[in-house]
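Engineer: Mind looking over this structure? Questions follow.
There are 2 protein chains.
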Amino acid sequence: MRPRDEYKEQQIRQKGIEMIVKEGLDGFGINKLAKAAGVSPATIYIYYKDKEELITRLCIDVADKMMGFSLQNFSPQMDFAEGLKVQWDNRLNYFLQHPLDMEFIEIMRYTNFYEKVSQMLTNNFGAILGQFMRNAEEKGQLVPLPFEVYWSVAYAPLYQLIKFHMQGNSYINSSFTLDDKLMDKTLKLVLKALKP
Amino acid sequence: MRPRDEYKEQQIRQKGIEMIVKEGLDGFGINKLAKAAGVSPATIYIYYKDKEELITRLCIDVADKMMGFSLQNFSPQMDFAEGLKVQWDNRLNYFLQHPLDMEFIEIMRYTNFYEKVSQMLTNNFGAILGQFMRNAEEKGQLVPLPFEVYWSVAYAPLYQLIKFHMQGNSYINSSFTLDDKLMDKTLKLVLKALKP
DNA sequence: TTTAAATAAACGAACGCTCACTTATATTTG
DNA sequence: CAAATATAAGTGAGCGTTCGTTTATTTAAA
């Protein structure tokens, strides 16, 4: 029996993500993807049941990879300031190393696909970060807060900075680049808000 | 000469926003929209050159309305804590009164349309909020910061809370509702971070 | 030879958009 | 004051194209 050409599946996934990032979900199509990946449309249907499953699997795999990456060198037992810094660094580094992946997820987060995706993902990620928050509270390193309030203050500013960086400008500056110094400055503010 | 039926144009816009919010940009189509709005497809082309212009104009008008709303009862001369509270309240109230509008903009923000839209919008909004930041700095009510860092800390947490509210859950809670109390709690943290 | 991988070609459905035409109002005419 | 005319609003049907998906066939390794 003829073996699968791994390169072909990889190309389908790679070009799929590229296409959605560059042209949006509405600019994405199976026939177009097949041409870009150098395969027949029918080949795509060997790997994926339909268009929806293809997109959903792309989401799941990328999100999974990102979450795994963000837990590198991290443990819920870490002191609050140290643990949050690791989280921020991991997220930034993932973005710097895989900008397409992060843009892809940011796009998909606001589509109907993401609902299904977040259900399919293991709750491992939320559990670990929830534990980290509770530990920090018990150690007196973090003011007691509802999880959503905590999350909004702890992570949303970072993602907003990344968003500014991706679009290359903000409301008043016509060009903007994110660097370590800006990130540290922002993280310091966040820590000031969250520490007792 | 026959007068325009204002109701028809209004329906086109209203149903257009609804359709994109419910089915996403890829689920949006002119023929479908015409059916939903109770008009002929050709009628849509009386008001809009093509699909792209229709979507762009929807974005511009909604974004414009939102920005105007967020400046209600606000002046760049306000004290920092007071001015930021007005901004937060205005944004939350706009969301509560026009949830579809805000969902619509949040979706469109991550599409290729938004780039064109943000160019077409008056810079008035950024100018006023930039002035507010500088005034607050001079009064010693706000730590000196690059605009993007300030913005990320000052507003991103609110939008993250609204996002949690829209999707009805977060990473660890299966149900979540945003209320005034949670918002005040979050705003207090943000002020703590930004005040000298 | 057997088997799954891969394809070229083509399917019906849906797409954005246009055309020939009708409808409704404002204006002009007798 | 009708009746005729002018004009923009609005329409249903259908154009060509692209969509997601399938079928019939070939290819390549076990």
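Residue numbers (the numbering used here), protein chains in the order written: chain A, 1 to 196; chain B, 1 to 196. Positions of the beta carbon are idealized from the N, C-alpha and C atoms, including for glycine. The structure displayed is predicted, hence computed values, not measured ones.
(1) Name the chain B residues that come within less than 9 Å of tyrosine 159 (chain A), Cβ to Cβ?
(2) Does asparagine 173 (chain B) come out as helix, strand or coil in the three-state DSSP assignment?
(3) Under the three-state reduction of DSSP, which class applies to leucine 145 (chain B): helix, strand or coil?
(4) Alpha carbon to alpha carbon, how far is valine 149 (chain A) from isoleucine 172 (chain A)? Give it in angstroms, no decimals.
(5) Where does histidine 98 (chain B) fall in DSSP's three states?
(6) Tell me which same chain residues have a C-beta within less than 6 Å of the C-beta of valine 86 (chain A), skipping the five on either side of it?
(7) Secondary structure at asparagine 73 (chain B), three-state DSSP: helix, strand or coil?
(8) Closest Cβ-Cβ distance between asparagine 93 (chain B) and chain A: below 9 Å?
(9) Keeping to the same chain, check which residues put their C-beta closer than 6 Å to that of leucine 142 (chain A); ignore five residues upstream and five downstream.
(10) In the segment 73 to 93 of chain A, which residues sit with their C-beta less than 9 Å from some C-beta in chain B, listed in chain order?
(11) Quick check on serine 152 (chain A): does DSSP put it in helix, strand or coil?
(12) Mind checking whether lysine 15 (chain B) and leucine 33 (chain B) have CB atoms under 9 Å apart?
(13) For alanine 127 (chain B), count neighbouring Cβ atoms within 10 angstroms of its own Cβ and tell me buried if that reaches 16, exposed if not.
(14) Along the chain, where does the alpha helix (DSSP H) that runs through threonine 111 (chain B) open and close?
(15) So asparagine 124 (chain A) contacts chain B; which residues on that side make the cut at Cβ distance below 9 Å?
(16) When you compare only the Cα positions, how much space is there between leucine 84 (chain A) and phenylalanine 95 (chain A)?
(17) In this structure, how does DSSP classify lysine 15 (chain A) when only helix, strand and coil are distinguished?
(18) Quick one: what's got a C-beta closer than 7 Å to phenylalanine 69 (chain A)'s C-beta in the same chain, skipping five residues either side?
(19) Going by C-alpha distance, which of B:Gly38, B:Gln10, B:Gly29 and B:Cys59 is nearest methionine 120 (chain B)?
(20) Between the segment 150 to 166 of chain A and the segment 155 to 162 of chain B, are three or more C-beta pairs nearer than 8 Å?
(21) So, is the C-beta of glutamate 137 (chain A) closer than 9 Å to a C-beta in chain B?
(22) For a test of the three-state rule: what should DSSP assign to methionine 183 (chain B), helix, strand or coil?
(23) Considering only the alpha carbon of each residue, which of A:Lys116, A:Gln10 and A:Lys65 lies closest to isoleucine 44 (chain A)?
(24) Taking the alpha carbon of glutamate 106 (chain B) as the reference point, which residue from B:Phe132, B:Ala63 and B:Met133 has its own alpha carbon closest?
(25) Measure from the alpha carbon of valine 117 (chain A) to the alpha carbon of each residue in B:Gln167, B:Asp184 and B:Gly27, then state which is nearest.
(26) Using the beta-carbon of each residue, which ones in chain A are nearer than 8 Å to serine 175 (chain B)?
(27) Could you give the residue range of the alpha helix (DSSP H) that holds tyrosine 45 (chain B)?
(28) By a C-beta neighbour count over all protein chains shown, 10 Å radius and 16 as the cutoff for buried, is tyrosine 48 (chain B) buried or exposed?
(29) Would a C-beta distance cut-off of 9 Å place threonine 186 (chain B) and serine 152 (chain A) closer than the cut-off?
Structural biologist: So, to answer that:
(1) Numbered from 1 along the first sequence, position 159 holds the residue referred to as residue 159 (chain A). Those within 9 Å of tyrosine 159 (chain A) in chain B are Ser152, Ala156 and Gln160.
(2) Looking up residue 173 (chain B) in the second sequence gives position 173. Reduced to three states, the DSSP call for asparagine 173 (chain B) is coil.
(3) Taking the second sequence and counting its residues from 1, the one referred to as residue 145 (chain B) is at position 145. Looking at leucine 145 (chain B) - three-state DSSP - the assignment turns out to be coil, as it is neither helix nor strand.
(4) Along the first sequence, read from residue 1 onward, the residue named residue 172 (chain A) stands at position 172. Along the first sequence, read from residue 1 onward, the residue named residue 149 (chain A) stands at position 149. Roughly 28 Å between the two C-alpha positions.
(5) Here residue 98 (chain B) is taken as the residue at index 98 of the second sequence, counted from 1. Note: histidine 98 (chain B) maps to coil in three-state DSSP.
(6) Taking the first sequence and counting its residues from 1, the one referred to as residue 86 (chain A) is at position 86. Excluding sequence neighbours, valine 86 (chain A) sits near Asn73 and Phe74.
(7) In the second sequence, the residue the question calls residue 73 (chain B) occupies position 73. Correct three-state label for asparagine 73 (chain B): coil.
(8) Numbered from 1 along the second sequence, position 93 holds the residue referred to as residue 93 (chain B). No, no contact with chain A.
(9) Counting from one through the first sequence, the residue named residue 142 (chain A) turns up at place 142. The answer, listed in chain order, is Phe80, Ala136 and Leu194.
(10) none
(11) By one-based count along the first sequence, residue 152 (chain A) stands at place 152. Looking at serine 152 (chain A) - three-state DSSP - the assignment turns out to be helix.
(12) Stepping through the second sequence from its first residue, residue 15 (chain B) is reached at position 15. Stepping through the second sequence from its first residue, residue 33 (chain B) is reached at position 33. Contact flag set, yes.
(13) On the second sequence, residue 127 (chain B) is found 127 positions in, with the first residue counted as 1. Flag for alanine 127 (chain B) reads exposed.
(14) Residue mapping note: residue 111 (chain B) aligns to position 111 of the second sequence, counting from 1. Looking at the DSSP string, threonine 111 (chain B) is not in any alpha helix (DSSP H), and its letter there is neither H nor E.
(15) As a working mapping, residue 124 (chain A) is identified with position 124 in the first sequence. In chain order: nothing, as chain B lies at least about 10 Å away.
(16) Taking the first residue of the first sequence as 1, we reach residue 84 (chain A) at position 84. Taking the first residue of the first sequence as 1, we reach residue 95 (chain A) at position 95. Going by the C-alpha atoms only, they are around 17 Å apart.
(17) For the purposes of this step, residue 15 (chain A) is identified with residue 15 of the first sequence, where counting begins at 1. Lysine 15 (chain A): helix per DSSP, three-state reduction.
(18) Here the question's residue 69 (chain A) lines up with position 69 in the first sequence. The residues are Asn90 and Tyr94.
(19) Stepping through the second sequence from its first residue, residue 120 (chain B) is reached at position 120. Answer by Cα proximity: B:Cys59.
(20) yes
(21) Position 137 of the first sequence holds residue 137 (chain A). Glutamate 137 (chain A) does not count as touching chain B.
(22) In the second sequence, residue 183 (chain B) corresponds to position 183, counting from 1. In the structure shown, methionine 183 (chain B) sits in a helix (DSSP, three-state: H, G or I).
(23) Taking the first sequence and counting its residues from 1, the one referred to as residue 44 (chain A) is at position 44. It is A:Gln10.
(24) Taking the second sequence and counting its residues from 1, the one referred to as residue 106 (chain B) is at position 106. The shortest Cα separation from glutamate 106 (chain B) among B:Phe132, B:Ala63 and B:Met133 belongs to B:Ala63.
(25) Taking the first residue of the first sequence as position 1, residue 117 (chain A) is located at position 117. The candidate whose alpha carbon is nearest that of valine 117 (chain A) is B:Gln167.
(26) Position 175 of the second sequence, counted from the start, is the residue given in the question as residue 175 (chain B). Those within 8 Å of serine 175 (chain B) in chain A number zero; the least Cβ separation is about 11 Å.
(27) The residue you call residue 45 (chain B) lines up with position 45 of the second sequence. Tyrosine 45 (chain B) -> alpha helix (DSSP H) spans 41 to 47.
(28) The residue you call residue 48 (chain B) lines up with position 48 of the second sequence. Burial call: buried.
(29) Position 186 of the second sequence, counting from 1, holds the residue named residue 186 (chain B). Position 152 of the first sequence, counting from 1, holds the residue named residue 152 (chain A). One thing to note: threonine 186 (chain B) has its Cβ within 9 Å of the Cβ of serine 152 (chain A).
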